[in-house]
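Following: one structure in structure tokens, then a few remarks.
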Amino acid sequence: MVTNKLVLLVEDDPADARLIQRAFDKAELDIAVTRLTNGDDAVAYLDGQPPFENRVLYPVPAVVILDIKLPRRSGLEVLSWLRNQHYGLKRLPVVILTSSRHSVDVNRAYDLGVNSYLAKPESPADLTRLAATFHSYWLQLNESPDVQS
Amino acid sequence: MTKTPGTILLVEDDPADAALIRRGFEQAGVLNPVHHITNGDKALGFLAGVNEYADRITHPLPVLILLDLKLPGMTGLELLRWLRQQRELRRIPVVVLTGDEDSNTINAAYDAGANSYLVKPGERKRISDLVGKIQQYWLALNEPPQLVMRAQKPE
């Protein structure tokens, strides 16, 4: 039985994605990470559109990690789409993880309803620590909403 | 010169819980001043900056709100819904910290715009550990928004 919680990681940079994935691995966390590389795929996945219509293979994640700069649809556009859904999906916790600390991006993300905004640290060691803190907060401590109803 | 750390607004009507939460922040080495308010109406007054809270120097806007839901007067959810409609305040991160584990309440809190929802531990003393994790995440790791200042308001 798969009991691992799923994190949907939307990150176009392969090096960053690898570092984040490795950070989760290193922290020996009991989670599964599914990675997508662009905003359109993120919307299709969350909406259960082809090729992601099978919810057994592509379950709704416990939390979404979104980069801002993404091909096709930006992370902020994905966030805006999500928060405008008319069913429980709109409650899904979203954490922005990006290299931008620009206040314009930070403020816009909060205005659109992001749950939290994290800046990518420079060093892999710091990223590993971030992954551990992220995991213990969002997947262990925080009470998740019901996104199916 | 070091910048003064931002205020944490604690909205909590239970004095025992409030004392434990304060102690938790002290134990975590948090230097941010904690302003404790015991009911929803007063919390609204603090956030709106009216009456006794009109002076933003002595009563600055908080960088983080810890919000209980069951409060005398205005409830936590009502306060949260109001907050998210205020142009100057709507971005302030709000962490719900309550005893209510009901999924309908959890959903309603997210729908009202809560950033996170935490349940008070059954064993009261463990609330200090929880507060340590709140510090670690919301004060150390998270990038806070900038609040819209009055002066920037278009005429």
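Top to bottom, those sequences are chains A and B.
In this note's numbering, each number is its position in the first sequence, counted from 1, plus 29.
In this note's numbering, each number is its position in the second sequence, counted from 1, plus 1.
The beta-carbon is built from N, C-alpha and C at its ideal position, and this holds for glycine as well.
Distance between residue 126 of chain A and residue 172 of chain A (C-alpha atoms, nearest Å): 21 Å
Rounded straight-line distance, which links the Cα of residue 110 of chain B to that of residue 164 of chain A: 21 Å
Contact list for residue 116 of chain A against chain B, beta-carbon separation under 7 Å: The premise fails here: residue 116 of chain A is roughly 11 Å from chain B at the closest Cβ pair, so nothing lies under 7 Å.
Chain A contacts from the stretch 110-131 of chain B (Cβ-Cβ distance under 9 Å): Residues of the stretch 110-131 of chain B with a C-beta less than 9 Å from any C-beta of chain A: 110, 111, 112, 114, 115, 116, 117, 118, 119, 120, 131, listed in chain order.
Test: residue 154 of chain A CB closer than 8 Å to a CB of chain B: no
Chain A within 8 Å of residue 152 of chain B, Cβ atoms only: With a pLDDT of 47 at residue 152 of chain B, under the threshold of 50, the predicted position of this residue should be treated as unreliable, though the coordinate-derived value follows. Judged by the 8 Å Cβ criterion, residue 152 of chain B is not in contact with chain A.
Spatial neighbours of residue 119 of chain B in its chain, beta-carbon cut-off 7 Å, leaving aside the 5 residues before and after: 96, 97, 98, 131
Rounded separation between residue 142 of chain B and residue 86 of chain A - CA only: 32 Å
Sequence-distant residues of the same chain with beta carbon closer than 8 Å to residue 50 of chain A, five excluded per side: 38, 62, 64
Spatially closest choice to residue 20 of chain B from B:137, B:83, B:129, B:135, by CA coordinates: B:129
Counterpart residues of residue 145 of chain A in DSSP-defined beta bridges: A:124
Nearest-angstrom beta carbon gap, residue 159 of chain A and residue 147 of chain A [assumed within contact, 8 Å]: 7 Å
CA-to-CA distance, residue 175 of chain A to residue 106 of chain B, given in whole angstroms: 10 Å
Of the residues B:52, B:66, B:28, B:53, the one placed nearest residue 1 of chain B, counting alpha carbons only: Residue coverage of chain B in this structure runs from 2 to 156, which leaves residue 1 of chain B outside it and unanswerable.
Residue(s) in a DSSP beta bridge with residue 160 of chain A: Note: residue 160 of chain A sits in no beta bridge, so no partner.
Neighbouring residues, chain B, relative to residue 132 of chain A (Cβ below 7 Å): 147
C-alpha gap between residue 69 of chain A and residue 130 of chain A, whole angstroms: One C-alpha to the other measures close to 24 Å.
Per-residue burial, residue 58 of chain B [other beta carbons within 10 Å of its own, 16 or more giving buried]: Residue 58 of chain B counts as exposed, since fewer than 16 other C-beta atoms from the protein chains shown sit within 10 angstroms of its C-beta.
C-alpha gap between residue 56 of chain B and residue 10 of chain B, whole angstroms: 16 Å
Minimum C-alpha distance to residue 60 of chain A - residue among A:100, A:101, A:161: A:161
Residue 63 of chain A in three-state terms, based on DSSP: strand
Run of the beta strand (DSSP E) containing residue 58 of chain B, from where it starts to where it stops: Premise fails: residue 58 of chain B is in no beta strand (DSSP E) and is neither H nor E.
Residue nearest to residue 124 of chain B in terms of C-alpha spacing, selected from B:17, B:13, B:12: Sorting B:17, B:13, B:12 by C-alpha distance to the C-alpha of residue 124 of chain B places B:17 at the top.
Endpoints, beta strand (DSSP E) assigned at residue 80 of chain B: In the DSSP assignment, residue 80 of chain B falls outside any beta strand (DSSP E) and within the unbroken alpha helix (DSSP H) covering 77-84.
Closest by C-alpha distance to residue 135 of chain A, when choosing among A:118, A:42, A:95: A:95
Beta-carbon separation (whole angstroms), residue 168 of chain A vs residue 92 of chain A, contact threshold 8 Å: About 7 Å separates the two Cβ atoms, so the contact holds.
Beta-carbon proximity of residue 108 of chain A to residue 123 of chain A, cut-off 8 Å: yes
Contact with chain B by residue 189 of chain A, beta-carbon distance below 8 Å: Any property of residue 189 of chain A remains undetermined from this structure, which presents chain A solely from 30 to 178.
Chain-order list of residues whose beta-carbon lies under 6 Å from that of residue 138 of chain A (same chain, five-residue window excluded): 125, 146
C-alpha gap between residue 67 of chain A and residue 43 of chain A, whole angstroms: Their backbone Cα atoms lie some 12 Å apart in a straight line.
Partner residues on chain B for residue 140 of chain A, Cβ-Cβ distance less than 9 Å: Per Cβ cutoff of 9 Å: 91, 92, 146.
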